[in-house]
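> Residue numbers (our numbering): 139 to 461.
Idealized CB from N, CA, C, for every residue including glycine.
Bear in mind that the values here come from a model prediction, so they are computed numbers and not experimental data.
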Amino acid sequence: MSPTRRDDFFVVVTTYNRQEYLAQLFDSLALLKPAPDGIVVVDNASTDDTPAVVAAAASRFASLPVPIPVIHHRLQENTGGSGGFSVGVERALAEGAQWLWLMDDDVTAVPGAIAAFGPWMDKYDALVGRRYDSLGEPFFWQNNFSTFLGFPLPVAGDVFATSNEFATNVGCFEGMLLHANAIRSVGLPDPRFFLNWDDTMYGWQISLERPVMYVNAFVLHKAREQRSIDLGIRHLNDSSDLSRFYVMRNRGLVGQYLRVHGRYNAFGFALGTILTAGKEIFRLIGVEKTLRGSARLWDGWRESRRILADSSWKPMPSLVGKS
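1) Rounded to whole angstroms, what's the CA-CA distance from L409 to V324? Just pull it up for me.
2) Which residues bound the beta strand (DSSP E) around S284?
3) To the nearest angstrom, how far is it from the Cα of Y352 to the Cα of D243?
4) Which residue or residues does DSSP assign as beta-bridge partners of A332?
5) If you drop the 5 nearest sequence neighbours on each side, which residues of the same chain put their C-beta closer than 8 Å to that of K460?
6) On the CB-based measure, 16 or more other CB atoms within 10 Å of its CB, does A196 come out buried or exposed?
7) Chain C beta carbons: is any one of them nearer than 8 Å to that of A195?
8) Where do the ends of the beta strand (DSSP E) carrying L511 lie?
9) Would you list the residues sitting across from T246 in a DSSP beta bridge?
10) Check whether the stretch 302–313 and the stretch 354–363 touch, using three or more Cβ-Cβ pairs below 8 Å as the test.
11) Tell me the rounded alpha-carbon separation between D145 and V225.
12) Along the chain, where does the beta strand (DSSP E) that runs through F289 open and close?
13) Could you tell me the boundaries of the alpha helix (DSSP H) in which G219 lies?
14) Just the C-alpha distance for F332 and Q394, rounded to the nearest angstrom, thanks.
15) In angstroms with no decimal places, state the Cα-to-Cα distance between S284 and T338.
16) Using only the alpha-carbon positions, how far apart do W439 and G390 sit?
17) So the beta strand (DSSP E) V180 belongs to, where does it begin and stop?
18) Determine the DSSP secondary structure at M139, reduced to helix, strand or coil.
19) For my contact list, D187 and H211 are in at a C-beta cut-off of 8 Å; report their separation, rounded to the angstrom.
20) Which one of G218, Y159, F407, L169 has the shortest CA to CA distance from G469?
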C-alpha cells in the first residue's frame with residue numbers, strides 16, 4: 139500500500155475472559171498482508187489465562203522479520219466493551235496510531251483485510267467492512283439511525299447493488315476502522331455505556347461531521363457461534379441479562395446525546411424506547427424461547443430515566459488541539 143494516509147495502522151482489541159477466541163484472533167492477525175503496525179489489547183481484568191495468551195502473542199509478533207508491538211493494557215476492573223474501547227483508542231493514539239481498527243475478541247481477521255480497506259482509506263475517515271458469521275455466511279449489518287426515534291432502522295435490499303459503498307450514520311466496534319482525525323473531533327468512545335449503543339452513537343456523532351461508509355469488503359469472521367433467527371431484513375442474535383439491562387439503561391445516554399446535538403424529540407424517543415423493548419422481548423421469545431430476563435429490561439428502563447433527568451450531564455470532550 140502507498141504510504142499516503144495508510145501509515146501507523148493499529149488494531150485495537152477489547153477482551154474479557156475469552157482466551158481461546160483471543161488466541162484464534164492473534165493467529166489471524168499474524169496472517170494479515172499487509173501487516174498492522176501495532177496491536178493494542180485492552181484486558182478488562184480477565185480472570186482466565188488471557189495475560190499468558192497476550193504475552194505469547196507479544197513474543198511471537200516481536201520475532202517477525204518486521205516486529206509488531208503487542209501492547210497489553212490490563213485494567214483493574216471490567217469496564218465493559220465501551221470502557222475497553224475508550225481506553226484502547228486513547229492508548230493507540232498515544233502510541234502514534236493514525237488508523238485504528240476496532241474489534242472484539244471473538245472474531246478473526248480476513249488475511250487481506252487491510253488491503254481491502256485500502257481503496258477507501260484515501261477518501262474517508264470512518265469505515266465499516268463486511269463480516270461473515272460463524273458459518274461463513276454474510277452477516278447482515280446495514281442500518282441507519284433515526285434521530286426521531288433514537289433507534290437504528292434496518293435498510294432492506296442489497297445496499298451494494300449499484301455501488302461498493304453505502305453511506306450510513308452508525309458505527310460498529312466489531313470491525314470499524316477510524317482515522318485519528320475522526321476520533322479527535324468527537325472525542326473518545328464513551329465508557330459510560332459499558333455495553334450496547336456505544337458504537338451506534340459514536341458512529342452517529344462522526345456522521346454529523348464526515349461520512350461514515352459501509353464498504354463492500356469482507357474483513358472479519360465471527361468466531362463465536364450464536365443462536366439467531368433470520369428476519370429477512372436483518373438477523374437477530376441471542377443476548378444476555380446483562381446486555382438486556384444495558385440496552386434499556388443506555389436509552390438515557392442516547393437521549394442525552396440527541397439533546398446535545400439538538401435532535402431530541404420526546405414523543406419520537408418514547409416510541410423508539412418502546413421499539414427497543416419490543417425488539418428485546420421478541421429476541422427472548424423468538425431466539426431464546428423464554429421470557430426469563432424480561433425483568434432486566436424494566437430495571438434498565440428505570441435507570442435510563444435517571445440518566446435522562448440529569449441536567450448536569452456532559453458528552454465526551456473533543457480531543458482537537460490535544461497531543
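Well, looking at it:
1) Here residue 409 corresponds to residue number 271 of the sequence shown, with the count starting at 1. Here residue 324 corresponds to residue number 186 of the sequence shown, with the count starting at 1. Near 27 Å, if we compare the C-alpha coordinates of V324 and L409.
2) The count along the sequence shown starts at 1 and reaches residue 284 at position 146. Taken as a continuous stretch (DSSP letters only), the beta strand (DSSP E) holding S284 covers 281–284.
3) Counting from one through the sequence shown, the residue named residue 352 turns up at place 214. Counting from one through the sequence shown, the residue named residue 243 turns up at place 105. Going by the C-alpha atoms only, they are around 21 Å apart.
4) Locating residue 332 in the sequence shown gives position 194, where the first residue counts as 1. Looking at the sequence provided, one finds Phe at residue 332 rather than Ala. Beta bridge pairing from DSSP links F332 with no other residue.
5) Counted from its first residue, the sequence shown places residue 460 at position 322. Taken in chain order, the residues that qualify are R322.
6) As a working mapping, residue 196 is identified with position 58 in the sequence shown. Burial call: buried.
7) No chain C is present in this structure, which holds just one protein chain.
8) In the structure as shown, the chain starts at 139 and stops at 461, and residue 511 therefore has no counterpart that could be examined.
9) Within the sequence shown, numbered from 1, the residue matching residue 246 stands at position 108. In DSSP, T246 forms a bridge with H359.
10) Yes: at least three Cβ pairs fall under 8 Å.
11) Taking the first residue of the sequence shown as position 1, residue 145 is located at position 7. Taking the first residue of the sequence shown as position 1, residue 225 is located at position 87. So the alpha carbons of these two residues sit roughly 21 Å apart.
12) Position 151 of the sequence shown holds residue 289. DSSP places F289 inside the beta strand (DSSP E), whose first and last residues are 289–292.
13) As a position in the sequence shown, residue 219 is number 81, starting the count at 1. In this chain, the alpha helix (DSSP H) harbouring G219 covers 218–232.
14) For the purposes of this step, residue 332 is taken as the residue at position 194 of the sequence shown. For the purposes of this step, residue 394 is taken as the residue at position 256 of the sequence shown. Computed Cα separation, rounded: 16 Å.
15) Residue mapping note: residue 284 aligns to position 146 of the sequence shown, counting from 1. Residue mapping note: residue 338 aligns to position 200 of the sequence shown, counting from 1. Going from the Cα of S284 to the Cα of T338 covers about 11 Å.
16) Working through the sequence shown from its first residue, we reach residue 439 at position 301. Working through the sequence shown from its first residue, we reach residue 390 at position 252. Spanning the two alpha carbons is a distance of roughly 8 Å.
17) As a first step, residue 180 is located in the sequence shown; it is residue number 42 there, counting from the start. Residues 176–181.
18) Locating residue 139 in the sequence shown gives position 1, counting from the first residue. Legend: pLDDT at M139 = 40, less than 50; position of this residue unreliable, no value from coordinates given.
19) The residue you call residue 187 lines up with position 49 of the sequence shown. The residue you call residue 211 lines up with position 73 of the sequence shown. Contact doesn't hold; Cβ gap of about 17 Å is too wide.
20) Shown here, the chain extends from 139 to 461; a query on residue 469 therefore has no answer.
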